[in-house]
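**Student:** Numbering (mature numbering (1 follows the signal peptide of the UniProt record, and there is no 0)), first residue to last: -26 to -1, 1 to 755. Glycine included, each C-beta is placed from N, C-alpha and C at the ideal position.
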Amino acid sequence: MGTYKALLIASSAIALSAALPSSAYAQTAGEQDSAPQKADAADSSEWEIVVTATRKNQLLSKVPISVAAFSQESMDRQGVKNIADIARLTPGLSFSGGTFGSDTSSNIAIRGVSSTSGAATTGIYIDDSAIQIRSNTQTAFGTAFPRIFDLERIEVLRGPQGTLFGAGAQGGVVRFITPKPNLDYTSAYARAEVATTKGGDASYEAGAAVGAPIVQDRIGMRISAFYRKDGGWVDRRPFNVATPDSTEYYKDVNSSDTVALRGGLSFQLTDSINITPSLYYQRVRGDDSGTLWGNLTDAEAGKFVNGYSVAQTFNDRFFLPSINATVELGDLELASVTSWFDRDGSSTPDYTNLNTSFIFDTPFPFLPGWKAPGIVTARQKVFSQEVRLSSNNSDSAIRWTVGGYYSRARQIESFKIEDQFTGQIIPLEAVFGIGLTDDLYIFTSANDTIDKQWAAFAQIDVDLFEGLTATLGARYSDTTFDYSRDVGGPLNYTGSGPETTTTTGVQKSKPFTPKFGLTYDIDDGNMVYASAAKGFRGGGVNPPLFASCAIQDAPATFDPDTTWSFELGAKNKLFGGALRTDASAFYIKWDNIQQFVLAGCAGNGFRDNIGAATSKGFDLQVSLRATDNLQLSGSVGYVDAKLTKTVVVNDVVFARDGDALEGSPWQLAGNVDYTLPLSTLGEGYIHADARYNSHNNGKRAMYDDPAASGYDPTLQFDPAVTEVNMRIGLRSGNVDASIFVNNLLNAAPLLGKNRDTDTSPLYYYRTLRPRTAGLTVSYRY
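Dropping the structure here:
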């Protein structure tokens, strides 16, 4: 290696000095459950994995963007069951479950770009089908993330991906890639597990998958089935001041179960034409909420309790049929992806405490048997069609992709609050102007929204000279958002006119999202890159506010917001590939931010384009094969996300320059894997991993400025979180058996602190599942 190349490699790997161990680095191509895909470049290392983050097969070490990738085997080793587990392994990715309703709500962020309202900031894909949902504050249904079983891999793309993935990818993209049907060999995968949680119920699962040719080299299949039961560990003791001596008590109520089925066929019609239809089904059912009440919970003593009056069940299922087709046209490839995402959800959130807080200024019901259950239904119907034409010669000096995209996403939501008790205390007609709707509901709403998107996109890579490649991409989109909402009930009544009112609106936009990049391959194992990319999410329409809201002049619509990201990165293989690094530094400028503004009436509010923000930081991933038996890997991520503009309207502070955005600034993770040959028994192994999320020490107007919208000095950013997991196992032939302990230290930080009103003494929290120990057995063929 020449001096020039040595200096380049040394400078691009200098961030190693800050590294801590983690498991977020790429896994091996040999770990994939389906046949390895052919990459653009050969690599003999067992640590490589092939990804399609740029819509083409590439070794992870050759992709000029920041990507974390996980194979199914690596996720099994680390006990990954859901998106929250992926977040703990990935620097720059954060995920939080909801503390409201039936835990169907959630928030996901990449590099500090997140939002709990409006269109999504992170694209969520199953293969090439987008499934993210537009958030509605009342129904509180989040994206239906697939459970982790029989996946080829998961890819986390950090930074805006507006060129190739379009709307909703302004912070990044998470892709769940499923195994393809097998045309020329048979494979099988099975996993079973049983576990017990400290102070809670048992959990268990079983799943199996098989792929095989039906007609050799012409027709192949892949089918899988999976069931999981997550035992509850939160108790519910209905709390009513009128019946303080009640013995009503329900243990371990927050249990849930999942059923997932998937099937696919692959038809190789000719040597150049392939058609692959598939169907994915998932149903998740929950028995009650895992939200904690501060006045009833003692986390240090392992006592996790809430006092809800209503069992907050939920049921969420989706179907995803799709057809992928490819046609090889010499040095070109034509690809088509057609999908239909059909989702139905329902839940029964408890609004008893919100109603009493809002109307009577106390969070606790004070009539025997007082209940105010919510009745929520949500439907999500998404049709999408994408067509891409790409060059198919990886040795060409010019490589390109052009395509077109269309999607129509409809969401139909119904939300009602039943309350037969408030009217026993106050005359509803005298106070609000009308009585209960249908003699039953104090609040009703029905939303019907349609998101349409047309887009054309193109990206080209040009080799300027040996080792140096320029990338230029662009996407033009035409989006239309149609909105209709009917509201009724006393809480919605404006004081005159019909008891049920209808609001409609349309928001249109035509965003243009370019991308620019330079990549320099120093040699086969080392590269540096620089990029600039734009992302966006669509605008929307505001519903009417409660008549009792302090603010009544909300805008009818709000516009798209955009991000510009600037990134420098390096990927290195050192010491013959024994040491690998993946480092990137970024600066994101977020303009015209869609924010939810509280209107001073029990959480009701509106969305508006308020202020601007920046997010800057870095992420570093390291993997070291210390010996033939010992592998260390680690990651560190830092995100400094702050508002950059103060917005004051009518003396109310809606945004303040320098205020921190949600999220943990520092994310550290690490793991150790040690293997030990055991003669004829096979191979023993020990796996341990730990993660740390820091407390956000930033300032926020709503915490310290009485003039701020939503001011509440008792709230705060989440405390720091430390979690340790361990697994010990034996691999013998195709069988892997292991015992594990998750949350080894039994950490129970109180997260997501919230309350119904700024005068309520009742606080809500969530926390980690307590220490859980179990046995996992898997089989691979």
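Do leucine 270 and valine 279 have their beta-carbon atoms positioned less than 7 Å apart in this structure?
**Tutor:** For valine 279 and leucine 270, yes; Cβs fall inside 7 Å.
**Student:** Can you list, in chain order, the residues of its chain with a C-beta nearer than 7 Å to that of glutamine 242? Leave out the 5 residues immediately preceding and following it.
**Tutor:** The answer, listed in chain order, is Leu157, Asp191, Arg192 and Asn248.
**Student:** Can you list, in chain order, the stretches of the beta strand (DSSP E) that have 3 or more residues and sit fully within the region 295 to 361?
**Tutor:** Complete beta strand (DSSP E) runs here, min 3: 306 to 321.
**Student:** Indicate the three-state DSSP secondary structure (helix, strand or coil) for isoleucine 57 in the structure shown.
**Tutor:** Helix, per DSSP.
**Student:** Looking only at its chain, what residues have a beta carbon closer than 6 Å to the beta carbon of threonine 649, apart from the 5 residues adjacent to it on each side?
**Tutor:** Cβ neighbours of threonine 649 beyond the five flanking positions: Asn603, Glu657 and Tyr659.
**Student:** May I have the straight-line CA-CA distance separating alanine 544 from arginine 149, to the nearest angstrom?
**Tutor:** One C-alpha to the other measures close to 22 Å.
**Student:** Is the CB-CB distance between alanine 164 and alanine 182 below 7 Å?
**Tutor:** In this structure, alanine 182 lies closer than 7 Å to alanine 164 by Cβ.
**Student:** From the DSSP output, which residues share a beta bridge with glycine 66?
**Tutor:** According to DSSP, which records beta bridges pairwise, glycine 66 is partnered with nothing at all.
**Student:** Can tyrosine 325 and glycine 348 be called in contact, C-beta distance under 7 Å?
**Tutor:** Result yes, Cβ atoms of tyrosine 325 and glycine 348 sit closer than 7 Å.
**Student:** What span of residues does the alpha helix (DSSP H) with alanine 420 cover, start to end?
**Tutor:** Per DSSP, alanine 420 belongs to no alpha helix (DSSP H); it is in the beta strand (DSSP E), 415 to 439.
**Student:** Closest by CA to threonine 475, which one among Thr411, Ala528 and Gly447?
**Tutor:** If we check each option's Cα against that of threonine 475, Thr411 comes out closest.
**Student:** Can you give me the Cβ contacts of asparagine 228 inside the same chain, cut-off strictly under 8 Å, excluding the 5 residues immediately before and after it?
**Tutor:** Hits under 8 Å: Asp77, Gly206, Trp207, Val208, Gly260, Asp261, Asp262, Ser263 and Gly264.
**Student:** Among Ile333, Asp533, Leu542 and Gly514, which has the Cα closest to the Cα of aspartate 730?
**Tutor:** The candidate whose alpha carbon is nearest that of aspartate 730 is Ile333.
**Student:** Helix, strand or coil for glycine 632 per DSSP?
**Tutor:** Looking at glycine 632 - three-state DSSP - the assignment turns out to be coil, as it is neither helix nor strand.
**Student:** Thinking C-beta only, is alanine 383 closer than 7 Å to valine 361?
**Tutor:** Not a contact, by the Cβ cut-off of 7 Å.
**Student:** Considering valine 405, what are the terminal residues of the alpha helix (DSSP H) in which it resides?
**Tutor:** That run of the alpha helix (DSSP H) goes 402 to 406.
**Student:** Which class does proline 187 belong to by DSSP, given the choice of helix, strand or coil?
**Tutor:** DSSP places proline 187 in strand when its eight states are reduced to three.
**Student:** Tell me which residue opens and which closes the beta strand (DSSP E) that arginine 384 is part of.
**Tutor:** Unbroken beta strand (DSSP E) run through arginine 384: 372 to 392.
**Student:** Which first and last residues belong to the alpha helix (DSSP H) in which residue 756 is found?
**Tutor:** Within the shown structure, residues of the chain are numbered from -26 to 755, placing residue 756 beyond reach of any answer.
**Student:** Any contact of the region 705 to 712 with the region 666 to 682, i.e. 3+ C-beta pairs under 8 Å?
**Tutor:** Cβ pair count under 8 Å is below three, so no.
**Student:** CB serine 320 to CB threonine 351, shorter than 7 Å?
**Tutor:** Yes, the pair counts as a contact, with Cβ atoms nearer than the cut-off.
**Student:** If we ignore side chains and look at the alpha-carbon of each, how far apart do valine 698 and phenylalanine 714 end up?
**Tutor:** Their Cα atoms are separated by approximately 11 Å.
**Student:** Out of Gly116, Tyr415, Thr618 and Val147, which one is the CA nearest neighbour of threonine 26?
**Tutor:** Threonine 26 has its Cα closest to that of Val147, out of Gly116, Tyr415, Thr618 and Val147.
**Student:** Please say whether glycine 462 and isoleucine 416 have beta carbons closer to each other than 7 Å?
**Tutor:** No, Cβ-Cβ distance for isoleucine 416 and glycine 462 is not below 7 Å.
**Student:** Is the beta carbon of arginine 29 sitting closer than 7 Å to the one on leucine 138?
**Tutor:** Against a cut-off of 7 Å, the Cβ pair of leucine 138 and arginine 29 comes out as a contact.
**Student:** Thinking just about the alpha-carbon of each residue, which of Asn289, Ser313, Gly237 and Glu387 is nearest to the one in serine 109?
**Tutor:** Taking only the C-alpha atoms, the option nearest serine 109 is Glu387.
**Student:** Just to confirm my understanding: we take alanine 420, look at its own chain, exclude 5 residues before and 5 after, and list those with CB closer than 6 Å. What are they?
**Tutor:** These residues qualify, in order along the chain: Ser388 and Asp460.
**Student:** I think glutamine 46 touches aspartate 102, with their Cβ atoms under 8 Å apart; what is that distance to the nearest whole Å?
**Tutor:** Going by Cβ atoms, the distance from glutamine 46 to aspartate 102 rounds to 19 Å, so no, they are not a contact pair.
**Student:** Within a Cβ cutoff of 6 Å, which residues of the same chain sit near lysine 547, ignoring the five residues on either side of it in sequence?
**Tutor:** The residues are Gly499 and Arg554.
**Student:** Check whether the Cβ atoms of tyrosine 467 and isoleucine 408 lie closer than 7 Å to each other.
**Tutor:** The answer is yes: Cβ separation under 7 Å.
**Student:** Expressed to the nearest angstrom, what Euclidean distance is found between the alpha-carbon atoms of glycine 87 and leucine 606?
**Tutor:** Position check: residue 87 holds valine in this sequence, whereas glycine was assumed. Distance between the alpha carbons of valine 87 and leucine 606 is about 30 Å.
**Student:** Go ahead and pull the three-state DSSP assignment for glutamate 222.
**Tutor:** Glutamate 222 falls in the coil class under three-state DSSP.
**Student:** Under 7 Å between the Cβ atoms of proline 153 and arginine 196?
**Tutor:** Yes, these two residues count as a Cβ contact at 7 Å.
**Student:** Bridge partners of methionine 501, per DSSP?
**Tutor:** DSSP, once it has assigned bridges, lists Asp495 and Lys545 as partnering methionine 501.
**Student:** Going along the chain, which residues of its own chain have a beta-carbon closer than 8 Å to the beta-carbon of residue 761, five neighbours each way excluded?
**Tutor:** An answer regarding residue 761 cannot be provided, because it is not within the stretch -26 to 755 covered by the chain.
**Student:** When the cut-off is 7 Å and only beta carbons count, does tyrosine 282 lie next to chain C?
**Tutor:** In summary, chain C is missing from the structure at hand, where a single protein chain is found.
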